[in-house]
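Sequential numbering of the sequence shown, starting at 18, is according to the numbering used here.
Let me begin by presenting the structure, written as structure tokens, before commenting on it.
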Amino acid sequence: MSQEIVLHFQTQEGETRSVDAVVGDSVMETAVKNDIDEVVAECGGSLICSTCHVYLDDETIAIIPEPDDAELDMLEGVASERRPNSRLSCQVIVSEGMAEHTIHTPEDQ
Ligand code: FES
18 MSQEIVLHFQ TQEGETRSVD AVVGDSVMET AVKNDIDEVV AECGGSLICS TCHVYLDDET
78 IAIIPEPDDA ELDMLEGVAS ERRPNSRLSC QVIVSEGMAE HTIHTPEDQ
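Below is the structure:
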């Protein structure tokens, strides 16, 4: 059986929804499966749309791999402000260590 953790998705307005996330899925897949509409993910994870933009907390950034060049290129095209903690959620894989972490969704995708 696949392992699940709880992830929290928080909008810029402070609305938070807590969802079950399957370890090994991407954060984008988790958002889409759970109807988090703030994550659009137009390209379905092919790294060609930038509409899966999220902001991560330091505790999450500390335990995940850094973005590769392709992700960094696509981050140039995000609709909302790009911040140092901006990531494309299709490139961030849910791991056990992310249990109870909060994913912040941007204003626009
Ligand atoms: S879903 Fe398109 S770049 Fe992430």
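Cβ coordinates follow ideal geometry from the N, Cα and C atoms, glycine included.
Keep in mind that this is a model prediction, so the values were computed, not measured.
Those residues which DSSP pairs with residue i across a bridge
{"i": "R100", "result": "In DSSP, R100 forms no bridge with anything."}
{"i": "V23", "result": "D37"}
{"i": "T167", "result": "The displayed coordinates of the chain run from 18 to 126. Any statement about residue 167 would go beyond what the structure contains."}
Inter-residue spacing [alpha-carbon to alpha-carbon] between residue i and residue j
{"i": "F26", "j": "L89", "result": "22 Å"}
{"i": "V49", "j": "P123", "result": "15 Å"}
{"i": "I65", "j": "P84", "result": "15 Å"}
{"i": "N51", "j": "V39", "result": "11 Å"}
{"i": "E59", "j": "V111", "result": "20 Å"}
{"i": "P101", "j": "V57", "result": "21 Å"}
{"i": "A96", "j": "V36", "result": "25 Å"}
Cβ neighbour criterion (16 or more within 10 Å) applied to residue i
{"i": "Q126", "result": "buried"}
{"i": "M18", "result": "exposed"}
{"i": "E32", "result": "exposed"}
Beta strand (DSSP E) runs contained entirely in the stretch 25-91, provided each spans 3 or more residues: 33-39, 70-73
Cβ contact check for the stretch 98-110 and the stretch 32-50: 3 or more pairs under 8 Å: yes
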